[in-house]
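Number of protein chains: 4
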Amino acid sequence: MKVPEHRSLKEKQRLEREELILQVAQDVVLEKGYRDTSMDEIAARVGIAKGTLYLHFAKKEDLMFAFFEREMQKILQAIEQQPVAAEMSAQAKLESIVSIMHKDPSGKRANLLFILFNSEDFKIALQQKSLDTLQRISDKVMAYLEEGKARGEFDPDIPTGILLNSFFSVLSPRSHRRLFQEEGYTREEVMFCVQKIFFRGIAKRSS
Amino acid sequence: MKVPEHRSLKEKQRLEREELILQVAQDVVLEKGYRDTSMDEIAARVGIAKGTLYLHFAKKEDLMFAFFEREMQKILQAIEQQPVAAEMSAQAKLESIVSIMHKDPSGKRANLLFILFNSEDFKIALQQKSLDTLQRISDKVMAYLEEGKARGEFDPDIPTGILLNSFFSVLSPRSHRRLFQEEGYTREEVMFCVQKIFFRGIAKRSS
Amino acid sequence: MKVPEHRSLKEKQRLEREELILQVAQDVVLEKGYRDTSMDEIAARVGIAKGTLYLHFAKKEDLMFAFFEREMQKILQAIEQQPVAAEMSAQAKLESIVSIMHKDPSGKRANLLFILFNSEDFKIALQQKSLDTLQRISDKVMAYLEEGKARGEFDPDIPTGILLNSFFSVLSPRSHRRLFQEEGYTREEVMFCVQKIFFRGIAKRSS
Amino acid sequence: MKVPEHRSLKEKQRLEREELILQVAQDVVLEKGYRDTSMDEIAARVGIAKGTLYLHFAKKEDLMFAFFEREMQKILQAIEQQPVAAEMSAQAKLESIVSIMHKDPSGKRANLLFILFNSEDFKIALQQKSLDTLQRISDKVMAYLEEGKARGEFDPDIPTGILLNSFFSVLSPRSHRRLFQEEGYTREEVMFCVQKIFFRGIAKRSS
DNA sequence: TATGAATGAGGTTTCATTCAT
DNA sequence: CATGAATGAAACCTCATTCAT
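Chains as they are written, first to last, in my numbering: chain A, 132 to 338; chain B, 132 to 338; chain C, 132 to 338; chain D, 132 to 338.
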């Protein structure tokens, strides 16, 4: 109020630190899972006091939700910035979305989303927040699925809601993770096959 | 000691109680997840003292593992008792397995297995036990998948390991649960579509 | 009251079992210490139900106290049955008592008494019971100590109470146990030296 | 962080509290023994929450070990700071050690050490820690015992290991405690007599 | 009388959250 | 703002003791 520039500098620092916290939290969650990630450890790794953590995020849930939301935002932005040629097939568009979700710089995104999605604690928290960004991603995918049906690419007999769910099942590395972590398949190989199964599976029969 | 009937009566009561405990544990796990299921709460809901719980299951892990194993046994037995005509297609055989896994009286089985499978704590416990039953179910499915490939039903270009994983993905109600719990689809409809996607997706292309 | 013979038969069986329980309790206490000896384990080793244990001894403390008392009784009897020649020196008489306390058939007595004497729980229980037998043993030793003083064997300047305590210190295998369990001394060697120190230490100076 | 005085003030308070905890723990252990000393009770008596206790000592064992080690350190330092004239007899040196061990401000030290030494649980914990301080005290005593033998003060026929044990037996107030707590002897009187017995007992006979 | 299933108080330890400095 | 010590609820597990059969 007195010195706006100062205020915004502070604000910038604040955001930078928030970003750092989220990064660290992500790492820890990936290592230890949701429940075994303690606020103590996050604070320690960031190099701040536990109390400071609570200045940024009032609850553990809030922190967790924040980086979930951030990932979603990134995905949404990437999807929206993706150049989409009009004549591109619906399948190609959806494949590009899958590709976005699996190809983050750190390569951790999909695992992270999976962990959060399957953490009981987190689910409960999630239901109480608005899922706006998630909804928008979902809408985008749904739009492509319906476009594909309209174009005759996808089987119109399968309800779009079910298609949507199956799409996100394909995406989530679920047990796929095991395939390249323990059974020696490459990530690319697995994703290629899984997408193949999915898109063939939903294709309109050429009859 | 003297009277066999007496002994077996006690034993019967014991088994009944054990069954009750497992039922309750199942419910709580379904509601709250593995970690948030406390021995206290299970005992309270069963209506017994905490100590009594420990007479039946020496550790939380043991209790959890017990009903996991029990479900697996039921599934394995059902699979093995299923009459399998020699000329039945591999797909039909696999469909019957899916059907078994999804048709338990309570309708909770698949969710439960999914929760346990994705609980970090439980995984660790699981690795220290023999996974015999689980392995045998898995072997059965794998055998059918390879039979299907040999018969020209399934695409031989997709590694069987990946097929196997995808099969269990289809099975696990993961987000499917949402479809009939919140979005108004019937369980049958969802399973029908999901299986359709899967089997079309892995079918050998008619050249 | 109706059938005395029967009654006494029952009574005899009862005592036999009580003896067995005490034997087993002794073994377990020697193996695990006072606190880590559970009523469950005693019952299991005796081959009776836990409830039966409580028909004989209403509290854990009572059981423990019972075999403490029993050992004391044995010691007292052995002491009183010991033929004591009038002209025997006081030192010789005391040495024979030490010998009795250390030479029980099982060779466990001294350790056991030591464990009990140093168990906090037991001490408290002990204080609430009459220590009759213990007192009588103590009186016997005290009498010999005073006899020794009167005869000019022991130093009359050391109060008999202190001598008494030191005597029981010498007896108790305390850390002596370590000497032959971990350091390779023989039990006899240790006892010989320790008694030597004690009796020389309390001897009247020949000046 | 910025102000050293501030840091050291906090540190000082922390140490003071730690000291208080150790004091209280000592009292409780003296009253109830090792096993019956609960973290709850210690916290309650100190007037802090249970969790706070765990900020200072991560395990019950650690707390117990901490004050054991602290006492040992105090004793070792006192021994090493003791001015030792070269011509002093070995007996005089050992007497000064006994005196140190028995003359702590609270007068509880020896009892405490004895309780800990005879607690099964503590022994196990002790074996996993380095016994450095304990060993050094023990070495010092042993050196004096051997010096005494060499000088012709002590009986060379008694193995030094046995002498060492007997020395610590004399020190430990074992049942001595009873003498001045219940029987009206003074501490000094008891210690005087007990040392007299010990040193006479181990003296070389003037032949 | 004998049984052993049932009880529940009590013990240790963890960790999200608060708050005085 | 930042700190981190303090809190206390809650989790798992044990075991002496009771009591219906």
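Built from N, CA and C at the ideal position, the CB exists for glycine as well. The structure displayed is predicted, hence computed values, not measured ones.
**OP:** Using only alpha-carbon positions, find the residue among A:319, A:147, A:175 that is nearest to residue 159 (chain A).
**Re:** A:175
Original post:
With distances taken between CB atoms, is the gap from residue 146 (chain A) to residue 198 (chain A) smaller than 8 Å?
Top reply: no
**OP:** Note down, in chain order, every chain B residue with its Cβ under 8 Å from the Cβ of residue 139 (chain A).
**Re:** Correct list: empty, because the minimum Cβ distance to chain B is about 42 Å.
Subject >> Interface residues of the stretch 208–229 of chain B facing chain A [CB-CB below 8 Å] >> reply: none
Original post:
Which one of B:162, B:182, B:161 has the shortest CA to CA distance from residue 171 (chain B)?
Top reply: Taking residue 171 (chain B) as reference, the option from B:162, B:182, B:161 with the minimal CA-CA separation is B:182.
Original post:
Which residues of chain D have a Cβ atom closer than 8 Å to the Cβ of residue 329 (chain C), listed in chain order?
Top reply: 328, 332
**OP:** Buried or exposed for residue 215 (chain B), please, with buried defined as at least 16 other CB atoms from any protein chain shown within 10 angstroms of its CB.
**Re:** Label assigned to residue 215 (chain B): exposed.
**OP:** Kindly indicate which residue of C:270, C:242, C:294 has the alpha-carbon position closest to the one of residue 311 (chain C).
**Re:** C:242
**OP:** Could you name the residues of the same chain whose beta carbon sits closer than 7 Å to that of residue 302 (chain D), not counting the 5 residues immediately before and after it, in chain order?
**Re:** 229, 232, 241
Subject >> Which residues DSSP lists as bridging residue 285 (chain B), in chain order >> reply: B:334
Original post:
Name the residues in the stretch 159–185 of chain D whose C-beta lies less than 7 Å from a C-beta of chain C; which are they?
Top reply: 163, 164, 166, 167
Original post:
Using a Cβ-Cβ cut-off of 6 Å (strictly less than) and excluding sequence neighbours within five positions of residue 239 (chain A), which residues of its own chain qualify?
Top reply: 161
Subject >> Residues of the stretch 276–293 of chain B whose Cβ lies closer than 9 Å to any Cβ of chain A, in chain order >> reply: 286, 288, 289, 290, 292, 293
Subject >> Burial state of residue 164 (chain D), where buried means 16 or more other Cβ atoms lie within 10 Å >> reply: Counting Cβ neighbours within 10 Å, residue 164 (chain D) comes out buried, since at least 16 surround it.
Subject >> Burial state of residue 274 (chain D) (16 or more Cβ within 10 Å) >> reply: A residue is called buried when at least 16 other Cβ atoms come within 10 angstroms of its Cβ; residue 274 (chain D) does not meet this threshold and is exposed.
Subject >> Three-way DSSP call (helix, strand, coil) for residue 179 (chain A) in this model >> reply: coil
**OP:** Scan the stretch 185–261 of chain C and note each continuous alpha helix (DSSP H) run of 4 residues or more that stays entirely inside, going in chain order.
**Re:** 191–212, 221–233, 240–248, 251–259
Original post:
Is there at least one Cβ from chain B nearer than 8 Å to residue 314 (chain A)'s Cβ?
Top reply: Taking Cβ atoms only, chain B reaches closer than 8 Å to residue 314 (chain A), which makes this a yes.
Original post:
How is residue 313 (chain D) classed by DSSP in three states: helix, strand or coil?
Top reply: coil
Subject >> Burial state of residue 336 (chain A), where buried means 16 or more other Cβ atoms lie within 10 Å >> reply: exposed
Original post:
Pick from A:269, A:324, A:296, A:284: whose alpha carbon is nearest that of residue 204 (chain A)?
Top reply: A:269
Original post:
Got a sec: is the Cβ-Cβ distance from residue 132 (chain C) to anything in chain D below 8 Å?
Top reply: Confidence at residue 132 (chain C) is low in this model, with a pLDDT of 49, below 50, so the placement of that residue should be treated as unreliable; the coordinate-derived value is given next. Output row for residue 132 (chain C): interface = no.
Subject >> Rounded distance between the beta-carbons of residue 328 (chain A) and residue 286 (chain A), thought under 8 Å >> reply: Actually they do not touch by this definition, with Cβ atoms about 14 Å apart.
Original post:
Can you name, in chain order, every residue of its own chain whose Cβ lies under 6 Å from the Cβ of residue 227 (chain D), other than the five neighbours on each side?
Top reply: Around residue 227 (chain D): 213.
Original post:
Which word fits residue 168 (chain D), buried or exposed, when buried means at least 16 other C-beta atoms lie within 10 angstroms of its C-beta?
Top reply: Its Cβ being crowded by 16 or more others within 10 Å, residue 168 (chain D) is buried.
Subject >> CB contact check: residue 272 (chain D) to chain C, cutoff 8 Å >> reply: no
**OP:** For residue 242 (chain A), decide whether its Cβ has a neighbour in chain B, counting only Cβ atoms nearer than 8 Å.
**Re:** no
Original post:
In chain D, what lies closer than 9 Å to residue 307 (chain C) by C-beta?
Top reply: 293, 296, 297, 300
**OP:** Using a cut-off of 8 Å between C-beta atoms, extract the partners of residue 310 (chain A) located in chain B.
**Re:** 292, 293, 296
Original post:
Quick one: what does DSSP say residue 167 (chain B) is sitting in, helix, strand or coil?
Top reply: coil
Original post:
For residue 166 (chain C), is the classification buried or exposed, using 16 other Cβ atoms within 10 angstroms of its Cβ as the cut-off for buried?
Top reply: buried
Original post:
With 16 as the cutoff for other CB atoms within 10 Å, does residue 266 (chain B) come out buried or exposed?
Top reply: exposed
Original post:
Tell me which same chain residues have a C-beta within less than 8 Å of the C-beta of residue 173 (chain B), skipping the five on either side of it?
Top reply: 152, 155, 156, 159, 184, 194
Original post:
What's the gap between the Cα of residue 325 (chain C) and the Cα of residue 222 (chain D)?
Top reply: Roughly 18 Å separates the two Cα atoms.
Original post:
Which whole-angstrom value describes the C-beta separation of residue 276 (chain B) and residue 291 (chain B), a residue pair presumed to lie in contact below a C-beta threshold of 8 Å?
Top reply: 5 Å
Original post:
Got a sec? Which residues, its chain only, sit under 8 Å from residue 236 (chain B) by beta carbon, not counting five neighbours each side?
Top reply: none
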